[in-house]
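Trainee: Take this structure first; my questions come after.
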Amino acid sequence: MNGNKYEDFALWVRRRALQAGYALDVPRSGAVNDLSAEVGTAIYNVSRVLNAHRVPAYGSWPAWAAALGVSEALFQKKAKAALRGQ
């Protein structure tokens, strides 16, 4: 990635998104747009998460978990670890 503080989290989100069927590895596939629609947030916010610039806002964690096909508890664990710098 790019040396940002949330690199491990972004990599985990990207892997989960690929496993959930979002073709993030295919240029111009619209996958970021699809993921942002599923989560209910702006494309910009999804891009910032995928590029390791931020962790999603707490209120959107359930939607992220659903979109990625993981439990809310797992998403919460990963997001909190990222925020703590772990």
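Residue numbering for the sequence shown follows numbering that gives the first Met the number 0, starting at 0 and increasing by one per position. Glycine is no exception: its CB is placed at the ideal position from the N, C-alpha and C atoms. Note that the coordinates shown come from a computational prediction; the quantities given were computed from them, not determined experimentally.
Can you tell me the Cα-Cα spacing of T40 and A16, whole angstroms?
Mentor: Locating residue 40 in the sequence shown gives position 41, where the first residue counts as 1. Locating residue 16 in the sequence shown gives position 17, where the first residue counts as 1. Their Cα atoms are separated by approximately 15 Å.
Trainee: For the candidate residues P55, V54, A81, D33, whose alpha-carbon lies nearest to that of G20?
Mentor: Counted from its first residue, the sequence shown places residue 20 at position 21. Nearest option by C-alpha distance: D33.
Trainee: Classify M0: buried if its beta carbon has 16 or more other beta carbons within 10 angstroms, exposed otherwise.
Mentor: For the purposes of this step, residue 0 is taken as the residue at position 1 of the sequence shown. Residue placement at M0 is poorly supported in this model, since its pLDDT is 43, which falls under 50; the coordinates still yield a value, given next. By the neighbour-count criterion, in which a residue is buried when 16 or more other Cβ atoms sit within 10 angstroms of its Cβ, M0 is exposed.
Trainee: Please classify A66 as buried or exposed, where buried requires at least 16 neighbouring CB atoms within 10 angstroms.
Mentor: Position 67 of the sequence shown, counting from 1, holds the residue named residue 66. Buried, by the Cβ-count rule.
Trainee: Closer than 7 Å by C-beta to Q75: which residues in its own chain qualify, once you throw out the five before and the five after it? Chain order, please.
Mentor: Here residue 75 is taken as the residue at index 76 of the sequence shown, counted from 1. Closer than 7 Å at Cβ, skipping near neighbours: W60.
Trainee: Starting from the C-beta of R13, find all residues in its chain whose C-beta is less than 7 Å away, skip the five residues before and the five after it, and write them out in chain order.
Mentor: For the purposes of this step, residue 13 is taken as the residue at position 14 of the sequence shown. Closer than 7 Å at Cβ, skipping near neighbours: L23, L49.
Trainee: Quick one: grab the DSSP three-state call for D7.
Mentor: To locate residue 7, count along the sequence shown from 1; it is residue 8. In the structure shown, D7 sits in a helix (DSSP, three-state: H, G or I).
Trainee: So what does DSSP say about L23, is it helix, strand or coil?
Mentor: One-based indexing of the sequence shown puts residue 23 at position 24. In the structure shown, L23 adopts coil according to DSSP, grouped into three states.
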